[in-house]
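What follows is a set of notes on a single structure, which appears directly below.
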Amino acid sequence: MFLFTEGGHSIPVVDPLGTAGVFSLMWLVIALPLAGAAVLLLGGRRTDSWGHYLGTAMPIGSFAISVYMLLDLLGRDETERSVSQHLWDWVSVGDFRVGMDLLVDPLTILFLLLITGVGSLIHVYSIGYMSHDPRRRRFFGYLNLFVAAMLMLVMSENYLGLFLGWEGVGLASYLLIGFWQHKPSAAAAAKKAFVINRVGDIGMSLAIAMFFVTFGSTSFTVISQGAGEAGDGALTAIGLLLLLGACGKSAQVPLQAWLLDAMEGPTPVSALIHAATMVTAGVYLITRSNFIFELAPHAQTAVVVVGTVTLLWGAVIGCAKDDIKKALAGSTMSQIGYMVLAAGLGVYGYAFAIFHLLTHGFFKANMFLGAGSVMHGMDDDVDMRHYGALRKAMPVTFATFAMGYLAIIGFPGFSGFWSKDHIIEAALVESPIAGVCALLGAGVTGFYMTRLMLMTFFGEKRWLKDVHPHESPSVMTVPLMVLAALSVLGGVLFIGHWIVDWLSPVVGEAPEHALPIPALALTAITVVVVAAGVAVAWLLFGRRPVPATMPIDVSPVIKAARADLYGDAINEGLVVQPGRVLTSGVVGFDHSGADGLVRGGASVVAGAGQGLRKLQNGFVRSYALSVLSGVLIVIVTLAVVNL
Amino acid sequence: MSVTFWILAIIMVPAALGVLLVRKAVHAALLLAVVMISLAILYLTLAGPFLFAVQIIVYTGAILMLFLFVLMLVGVDAADSAVETIRGQRVLAILGGLVLGVFLVVGLSQIALGAATGLDDANAAGNIQALANILFSRYVFAFEVTSALLITAAVGAMVLAHRERLVPKAGQAETAAQRVRDFAESGKHLGPLPSPGVYARHNAVDTPALLPDGTPEPTSVSAVLAARGTVRSAPALADDVDDVRRALAQIDGPDGGAASGVDTSSGTGHNTENPGADASATDSPTGAPR
Amino acid sequence: MNDVTPYILLSAILFTIGTVGVLVRRNAIVVFMCVELMLNASNLALVAFAYQHGDLEGQIAAFFVMVVAAAEVVVGLAIIMTIFRTRRSASVDDASLLKY
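Residue numbers (full-length UniProt numbering), protein chains in the order written: chain C, 1 to 643; chain H, 1 to 290; chain X, 1 to 100.
Here it is, written out as structure tokens:
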């Protein structure tokens, strides 16, 4: 079954089969990490000694089930790869029903593998990374909670369930960013992430409300089948609202400000939540809602604009940061911008968005964990100006990090090369401006990642006193090696356009489009641009020594980039201050107007009472005088009336 | 009858105003008695001999005497201060009183009552018999209730005036034991207090007894008199002592000088009672101030 | 004698004097005396009207007033004594704790 757009694209509708075989275990994928979180968080100190093993085992179990389901799906016919499971009726009010339904289809299964696979590796890594933290058990509880919520997000068959997972990952993100809550900066960062995400969540909840109103349901099946009949205005509104939600969760402009501060959390958190999985939820949302966006071209344009702006924005920020995690965070923002851009391109881009999402999940998790390994060896110092020449001290970390580096800049043959190249290609065809920006972004990516590599692993030693870099234990390096391998080999997914074909039952088949220049030439141009970025970085940071302290007299562009392109200032000026003014105005009106009316009435009565009670002065003669006054009034009145 | 009324009215109104104006409560009570007796006579002129008697006996005789009893209890000297404490009370009260009085007088004087019927017919069988007929027929129930009211009032007055004894009254044995205990603790004199006035020329209660060495004993006079300051002072006594000794010296002749020396020492001795007289007693024993 | 109007006027004057006395005097006993003065003034009016109408009911009423006054004086004076005992004062202004 297909919907048809004005452009003649066919959009597949969601039409899942019932469960059978291994798919009846679908719910276990979510239930296992959820149970792990419950045991670890409710079990308390009793579980301290073995909690991290349980916490690691749970996502591994989910991963095993996911692999089994993938194998089952691979053996099926293309039209039968969508399976749903009805667990129970969640909401049942009159005619309105929302089921706790799970859905596994080619799109979801990729996410399941990414979340549980990379998640498991990061769990293993965390055993080593958090070994000295007294609250490690709680950390694993939160991580499991996150994994369960993220799985709920991608497995739900309706938007309400998706929203449940959406908020769940928001909560887990908040808890984990602020995991070192004794640091005021971490607590503030957690709060900031939570608040900015709430802005996006307004979009999500309004979009869900629109679904209720427009379609009477939140189920993907019902909505995708009914989308053709809905009005353009409603679809555009829904699309823009969904985009707002996606912006909040995926740190896209204008809701990008929280991601850099979110690096206050432990590094495995940055790797799992703020690089590989949660921040890509926005891309998932847009891809999953393809039946909406395909019918709402204006919303799609907005998606492209947001993605393009963000990919440059994040790249510029990444160029100026000396904090290794923040540089990576800027890079993450930029790469997600690529994904959003791709998702905005419609059927031409969905598959590449997901492809880049997967490869990015691999190499960025790899690099974050590598950065964590470096920090582990450098006494938790994050300033790259204190690094230098670490390739000898940490050979494994260096090697794995280099794999991630080559992947992200798009070195031919590495995973990032395949995914990014196709996004640029699709963008050039569909929207030349966005395509040029994406090409430019690739060059900037090459620049800032090379800068990061050079400052960290090459050049002179700039280590602080008493810092003795050492290689991390194998429990941390083994996940690094696995992720490095995936970073290198991620491109195999594209062999024979496998991933495009695989996703086509969900996102639709892209018609052939003609490139203005030969694809090979475009690839060559991309490689040249990246090489130029790398060369510039080498000229600036490789040939001459890097100052150990941050230079002060720099150009305004660098200053702006160091200040996150004034993202916080913009928020402060555009939202916070007017909000404060409005709030204080409303509060002032409430106090002086509304309360004043009520309190004024009360105080008039009270004041009258205060005055009148003075009549009760305790002197019996005064009372007698008032009796006499009463008598006189009666007499005078009688006299006047009778006259 | 008219003459009686006017004479009495002229007596009564100033007397009533006196009740209002005099400062001493006992004077007010006496003026009130004047008003009440006058009223009794007015009752007589209004053909009410029974009420005349009741007014005299109950009101003037019983109630007003009760007032006087209470006045004695709370202090017959007690007088109101002339300063009004409640602001505006006096002015407003007088103003209100004037308005009330003017309205009543003006209003009542405009009523034409017509000729009075008089009680000659009603009192044909005697005023008391006629009242009794009404009282014990139509008002018998009210009369009985009145008795209940009176009993209640009597009981209430007793309850209000009654003071509960919280500790048993100390008997003779307890008092004696307390005296000995006081002697043991503070050395208070064990025996009875000395009696006042054991000096030949003054045996009044306000004169302290003299001890054998000629000094006065302060405990021999009532503490109340001492507080009022009406005790005869020691220098005054010394003067008396001096007179006696001089008289004795005239009789005895040469022994007087020795007696005079004793006198001087006693003079300084009793001045422990009155330090202010000490200096004058030493430089001129005979010239102590009176 | 034609009518009893002078008696009534006298009664009114006495009553007014009693009223003012209640309001201006502070010694509780004098205040009480002024109340008695007011009662007596009203008694005079009752007796006068009895004479005017040739009906003994007025005298009966005056009689009852006297009885009630007697009861009232007994209780009232007891109260004054109690107050005096605790406050060492017979001034009505001193018993003014029951106020705002």
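Where is the CB? At the ideal position from N, CA and C, for every residue including glycine.
*What is the DSSP secondary structure of residue 654/C, counted as helix, strand or coil?*
The structure shown does not extend to residue 654/C, since chain C is modelled only from 1 through 643, so no value can be given for it.
*Quick one: what's Phe96/C bridged to in DSSP?*
Along the first sequence, read from residue 1 onward, the residue named residue 96/C stands at position 96. DSSP output for Phe96/C lists Val93/C as bridge partner(s).
*asked:* Does Val104/C come out as helix, strand or coil in the three-state DSSP assignment?
replied: Numbered from its first residue, the first sequence carries residue 104/C at position 104. It is a strand residue.
_7 Å is my cut-off, CB to CB: does Asn617/C come that close to chain X?_
Taking the first sequence and counting its residues from 1, the one referred to as residue 617/C is at position 617. For Asn617/C, the answer is yes, since a Cβ of chain X falls inside 7 Å of its Cβ.
*Please confirm whether Met130/C and Val104/C have their CB atoms less than 7 Å apart.*
On the first sequence, position 130 is the one that residue 130/C refers to. On the first sequence, position 104 is the one that residue 104/C refers to. No, the Cβ-Cβ distance between Met130/C and Val104/C is not below 7 Å.
_For Val581/C and Ala271/C, what's the separation of their Cα atoms in angstroms?_
Within the first sequence, the letter at position 581 stands for residue 581/C. Within the first sequence, the letter at position 271 stands for residue 271/C. Distance between the alpha carbons of Val581/C and Ala271/C is about 38 Å.
*Could you please give me the residues that DSSP links to Asp383/C through a beta bridge?*
Residue numbering aside, residue 383/C sits at position 383 when the first sequence is read from its first letter. In the DSSP output, where bridge partners are listed per residue, Asp383/C has Asp323/C.
*Looking only at DSSP bridge pairs, what is Glu217/H linked to?*
Numbered from its first residue, the second sequence carries residue 217/H at position 217. DSSP output for Glu217/H lists Ala209/H as bridge partner(s).
_Buried or exposed, going by whether 16 or more other CB atoms sit within 10 Å of the CB of Asp322/C?_
Mapped onto the first sequence, residue 322/C falls at position 322. Under this definition Asp322/C is a buried residue.
_chain X contact for Gly624/C (CB, 7 Å cutoff)_ = On the first sequence, position 624 is the one that residue 624/C refers to. The residue asked about is misnamed: residue 624/C is Ala in this sequence, not Gly. For Ala624/C, the answer is yes, since a Cβ of chain X falls inside 7 Å of its Cβ.
*Closer than 7 Å by C-beta to Leu240/C: which residues in its own chain qualify, once you throw out the five before and the five after it? Chain order, please.*
Locating residue 240/C in the first sequence gives position 240, counting from the first residue. Once the five neighbours on either side are set aside, the close Cβ partners of Leu240/C are Ala299 and Ala302.
*Interface partners of Gln110/H on chain C, CB under 9 Å*: The residue given as residue 110/H occupies position 110 in the second sequence. Per Cβ cutoff of 9 Å: no residues; Gln110/H is ~11 Å from chain C at best.
*According to the neighbour-count rule (16 or more other Cβ atoms, all chains shown, within 10 Å of its Cβ), is His376/C buried or exposed?*
On the first sequence, position 376 is the one that residue 376/C refers to. Result: buried.
*Look at Val534/C and Gly446/C and say whether their C-beta atoms are less than 7 Å apart.*
Position 534 of the first sequence, counted from the start, is the residue given in the question as residue 534/C. Position 446 of the first sequence, counted from the start, is the residue given in the question as residue 446/C. It is a contact, given that the beta carbons lie within the stated cut-off.
*Would you mind sorting Gly330/C into buried or exposed? The rule is 16 or more other CB atoms within 10 Å of its CB.*
On the first sequence, position 330 is the one that residue 330/C refers to. Flag for Gly330/C reads buried.
_When you compare the CB of Ile94/H with every CB in chain C, is at least one pair closer than 7 Å?_
For the purposes of this step, residue 94/H is taken as the residue at position 94 of the second sequence. Not closer than 7 Å to any Cβ of chain C, the Cβ of Ile94/H fails to qualify, so no.
*Under a Cβ-count criterion, where at least 16 other Cβ atoms within 10 Å of its own Cβ denotes burial, should Lys192/C be classed as buried or exposed?*
As a position in the first sequence, residue 192/C is number 192, starting the count at 1. Buried.
*Using a Cβ cut-off of 9 Å, pull out every chain C residue sitting near Phe5/H, in sequence order please.*
By 1-based counting over the second sequence, the position of residue 5/H is 5. Those do not exist, as Phe5/H stays about 26 Å from chain C at its closest Cβ, beyond 9 Å.
*Can you give me the start and stop residues for the alpha helix (DSSP H) that Ser205/C sits inside?*
Taking the first sequence and counting its residues from 1, one reaches residue 205/C at position 205. Counting along the chain, the alpha helix (DSSP H) containing Ser205/C begins and ends at Pro184 to Phe215.
*Check each residue of the stretch 184-206 of chain C: if its Cβ is closer than 9 Å to any Cβ of chain X, include it; give the result in chain order.*
none
*With a cut-off of 8 Å on the beta carbons, I'd call Lys420/C and Tyr350/C a contact; round off their distance for me.*
If you number the first sequence from 1, residue 420/C lands on position 420. If you number the first sequence from 1, residue 350/C lands on position 350. Not a contact, Cβ separation roughly 16 Å.
*Who are the Cβ neighbours of Ile525/C in its own chain at under 6 Å, not counting the five residues just before and after it?*
Position 525 of the first sequence, counted from the first residue, corresponds to residue 525/C. Closer than 6 Å at the Cβ level, and outside the excluded window around Ile525/C, lies no residue.
*By how many angstroms is the C-alpha of Met66/X removed from the C-alpha of Glu36/X?*
Your numbering for residue 36/X matches position 36 in the third sequence. Your numbering for residue 66/X matches position 66 in the third sequence. Whole-angstrom Cα-Cα distance: 10 Å.
_Do Ser219/C and Asn158/C count as a contact pair if the criterion is CB distance below 7 Å?_
By 1-based counting over the first sequence, the position of residue 158/C is 158. By 1-based counting over the first sequence, the position of residue 219/C is 219. Cβ distance < 7 Å, so Asn158/C and Ser219/C count as in contact.
*When you compare only the Cα positions, how much space is there between Ile223/C and Phe215/C?*
To locate residue 223/C, count along the first sequence from 1; it is residue 223. To locate residue 215/C, count along the first sequence from 1; it is residue 215. Computed Cα separation, rounded: 6 Å.
*Taking just the CA atoms, how far does Leu345/C sit from Pro266/C?*
Your numbering for residue 266/C matches position 266 in the first sequence. Your numbering for residue 345/C matches position 345 in the first sequence. Roughly 35 Å separates the two Cα atoms.
*Determine which residues of the stretch 1-25 of chain X have a Cβ less than 7 Å from any Cβ of chain C, and write them out in chain order.*
Thr19, Val22 and Leu23
*Where does Leu44/X sit, in a helix, a strand or coil, going by DSSP?*
Residue mapping note: residue 44/X aligns to position 44 of the third sequence, counting from 1. In this structure, Leu44/X counts as helix in the three-state DSSP scheme.
_Looking at chain H, is there any beta carbon in it that lies within less than 7 Å of the beta carbon of Ile633/C?_
Taking the first residue of the first sequence as position 1, residue 633/C is located at position 633. With 7 Å as the cut-off, Ile633/C does not count as an interface residue toward chain H.
*Can you name, in chain order, every residue of its own chain whose Cβ lies under 7 Å from the Cβ of Phe111/C, other than the five neighbours on each side?*
For the purposes of this step, residue 111/C is taken as the residue at position 111 of the first sequence. Once the five neighbours on either side are set aside, the close Cβ partners of Phe111/C are Val154 and Tyr284.
*By the criterion of Cβ-Cβ separation under 7 Å, what are the contact partners of residue 344/H in chain X?*
The requested residue 344/H does not occur in the structure, where chain H is confined to residues 1 to 290.
*Is Leu248/H helix, strand or coil by DSSP?*
Counting from one through the second sequence, the residue named residue 248/H turns up at place 248. Three-state result, Leu248/H: helix.
_Cα-Cα separation, Thr207/H to Arg163/H_ = By 1-based counting over the second sequence, the position of residue 207/H is 207. By 1-based counting over the second sequence, the position of residue 163/H is 163. In a straight line, the C-alpha of Thr207/H is about 37 Å away from that of Arg163/H.
_Cutoff 7 Å: Val605/C Cβ touching any chain X Cβ_ = What you label residue 605/C is simply residue 605 of the first sequence in a count that begins at 1. Not one chain X Cβ lies under 7 Å of Val605/C.
*Should Met65/H go down as buried or exposed, given a rule of 16 or more other Cβ atoms within 10 Å for buried?*
Translated into the one-based positions of the second sequence, residue 65/H becomes position 65. Its Cβ having fewer than 16 others within 10 Å, Met65/H is exposed.
*6 Å Cβ shell around Met58/C - same chain, five flanking residues per side excluded*: Here residue 58/C is taken as the residue at index 58 of the first sequence, counted from 1. The answer, listed in chain order, is Leu32, Pro33, Gly36 and Asn144.
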